[in-house]
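Reviewing the structure listed below.
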Amino acid sequence: DFSNVYASDLLPSKHGGEFTEQFLLEVVDILLHYIRKTFDEKSKILDFHYPHQLLEGLDGFNLELSDQPEPLEQLLVDCRDTLKYGVKTGHPRFFNQLSSGLDIIGVAGEWLTATANTNMFTYEISPVFIVMEMILLKKMHEIIGWGETEADGIFSPGGSISNLYSILVARYKKFPEIKTKGMAVLPHIVLFVSEHSHYSIKKIAAVLGIGTDNVIEVKCDERGKMIPLELEKNILQAKKMGLTPFCVSATAGTTVYGAFDPLDNIADICEQHNLWMHVDAAWGGGLLMSKKHSYKLHGIERADSVTWNPHKLMGVPLQCSVVLIREMGLLKSCNQMCAEYLFQPDKHYDIGYDTGDKTIQCGRHVDIFKLWLMWKAKGTYGFEVQINKFMELADYLYKILKKKENFELVFDAEPELTNVCFWYIPPRLKSISNEYERQQELQKIAPKIKAMMIEGGTTMISYQPHGDKVNFFRMVFSNPATKQSDVDFLIDEIERLGKA
Ligand code: ABU
């Protein structure tokens, strides 16, 4: 009973050892209960409440903060309630995001990381984690095909920030004076992405002072891949207009369609026009772990930089993202500020291990340990098996949908990644002969079904409009707990709710 025990009674208080142990064991018990529930397909994914309900407080779950300390008993109740009203993203029927699943080794890694509570900026306070990061960067360089080069990289807070590093370094490589003089001394620079690329590139252009208008979107084919001829055309056109192209950001695994841009062709064009080639493989990079599927990223070895998020297909707990840069030294010269209070040049060890000045942050979270521990636990082979299984599930769903009445694929092609995009078409829509009216009605179907799913807490899948296509479901597989029976459930559930 912790009703009269407070945080001040725990370590480092003089006799806090026993209370600390008992309290943490209680927390573990709460976590274990949640983990068991997560993997029980019959349990609900979520117990949905609207924001005002959470703000008002639910059954004694009060989110407001008080001036006086609350007893540990209340904190344990709060821990239970926080998980109770959250979303079980490791549930076998959670398909809402590219990052899902609950890897037990990864959880252990994250817990150790929190316990170590250190910062990635210098070797002196993170010796083991810094060396682990170097080992993993090297491993990922080799997998990309940069084994012969002395390449670089850094783990960062998510794919958008990894992409930001790439564009930042790409611009610095061509215009090193940007660091001291700013945009005023640069020509009118532009970069190229596919029209299916991630929105982060535009956001980065805004943040870096390049401007979103200077991100030129290249046309894609039906499948969502950048068309190399269009890229070439856009580059020539930009040059003719007096603009200065400096970078192409290709995508290996687009967020919605799961498309791979033709990297080899794009590399040829970048070489010909002397442009930096970035590959945003945040989502699709995981396929590099599979001998069967890695050919889809052929040409990535010719990139100057790559974003790869192990928290997606590789199932590492959030967050775990890396930017890999082919040329050693660029990250440092681009970002280094030499703060003397942190990066003293006269330390007693090789200060090349103080990686903090390569980053745009000061403090940096330790995201490396959970990945390192999972790699130890699975081996490279274990990731390959897991990713091949996701691809088999995507193929299973695609083949069912192809034959199933009341479902229509957004594009009819075997999945290259685990994305399968489709509409559910209720029978009543078939009688609408006016195409515009039919599309207007179809637009409303996915949001309605999704709302019912969330209210019922049975499953979760994402939907969106895309280009000229009205709202459709995007299924993705990145959860090792998902089985074929969960895919069957999803289809039945969409049909059941669609008829309601
Ligand atoms: N690009 C961030 C992840 C988006 C998603 O989970 O759908």
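Each residue of the sequence shown is one higher than the one before, starting from 13 at the first, in the UniProt record's numbering. Ideal Cβ positions, reconstructed from N, Cα and C, are used throughout, including at glycine.
- Query: Among residues of its own chain, excluding the 5 on either side of residue 250, which ones have a beta-carbon nearer than 7 Å to its beta-carbon?
  - Reply: 202, 228 and 257
- Query: Is the distance from the Cβ of residue 22 to the Cβ of residue 31 below 8 Å?
  - Reply: yes
- Task: For the segment 333–421, list the beta strand (DSSP E) runs that are entirely contained and at least 3 residues long, ordered along the chain.
- Result: 333–337 and 419–421
- Task: Kindly list the residues whose CB is nearer than 6 Å to the CB of residue 88, restricted to its own chain and excluding five residues on each side of it in sequence; keep chain order.
- Result: 38
- Query: Taking 7 Å as the line, does the beta carbon of residue 109 fall inside it for any heavy atom of ligand 1?
  - Reply: yes
- So what does DSSP say about residue 527, is it helix, strand or coil? Lying outside 13 to 512, the shown extent of the chain, residue 527 is not represented and no answer is given.
- Any idea if residue 105 is buried or exposed, counting beta-carbon neighbours within 10 angstroms, 16 or more meaning buried? buried
- Can the beta-carbon of residue 291 be found less than 8 Å from the beta-carbon of residue 315? yes
- Query: Terminal residues of the continuous beta strand (DSSP E) containing residue 292?
  - Reply: 288–293
- Do the segment 304–319 and the segment 271–291 meet, that is, are 3 or more Cβ pairs less than 8 Å apart? yes
- Task: Return helix, strand or coil for residue 111, following the three-state DSSP convention.
- Result: coil
- Does the distance from the C-beta atom of residue 444 to that of residue 450 stay below 8 Å? yes
- Message: Spatial neighbours of residue 297 within its chain, please: C-beta separation below 6 Å, excluding the five flanking residues on both sides.
- Response: 320
- Item | Contact test: residue 171 Cβ vs ligand 1 heavy atom, cutoff 7 Å | yes
- What alpha helix (DSSP H) runs, 4 residues minimum, are completely inside the segment 415–496? 447–468
- Look up residue 29 in the DSSP assignment and say whether it is helix, strand or coil. helix
- Message: Are the CB atoms of residue 329 and residue 277 within a distance shorter than 8 Å?
- Response: no
- Just to confirm, are residue 264 and residue 272 a CB contact at a threshold of 8 Å? yes
- Comparing the CB of residue 103 with every heavy atom of ligand 1, is any distance shorter than 7 Å? no
- Message: To the nearest angstrom, how far is the alpha carbon of residue 342 from that of residue 149?
- Response: 15 Å
- Query: Is residue 70 helix, strand or coil when you go by DSSP?
  - Reply: strand
- Item | Burial state of residue 209 (16 or more Cβ within 10 Å) | buried
- Task: Identify, in the order they occur along the chain, each residue of the same chain with its Cβ nearer than 7 Å to the Cβ of residue 380, setting aside the five sequence neighbours on each side.
- Result: 141, 144, 145, 148 and 167
- Could you tell me if the beta carbon of residue 125 falls within a distance shorter than 7 Å of some heavy atom in ligand 1? no
- Query: How long is the line joining the alpha carbons of residue 375 and residue 503, rounded to whole angstroms?
  - Reply: 45 Å
- Message: Within 8 Å, do at least three Cβ pairs link the segment 386–399 to the segment 347–364?
- Response: no
- Is the number of C-beta pairs between the segment 159–179 and the segment 392–403 that are closer than 8 Å three or more? no
- Item | Contact under 8 Å by Cβ, residue 281 with residue 242 | no
- Message: Assuming contact is defined by CB atoms lying nearer than 8 Å, are residue 58 and residue 17 in contact in what I supplied?
- Response: no
- Message: Considering only DSSP beta bridges, list what residue 164 is partnered with.
- Response: 337
- What three-state label does DSSP hand residue 257 in the structure shown? strand
- Query: Is there at least one non-hydrogen atom of ligand 1 closer than 7 Å to the beta-carbon of residue 153?
  - Reply: no
- In three-state DSSP terms, what is residue 326? coil
- Message: Need the endpoints of the alpha helix (DSSP H) that residue 268 sits in, please.
- Response: It is not in any alpha helix (DSSP H) - residue 268 carries neither H nor E in the DSSP assignment.
- Message: Assuming residue 242 is part of the alpha helix (DSSP H), what are its boundary residues?
- Response: 240–252
- Query: Looking at the structure shown, is residue 216 part of a helix, part of a strand, or coil, going by DSSP?
  - Reply: helix
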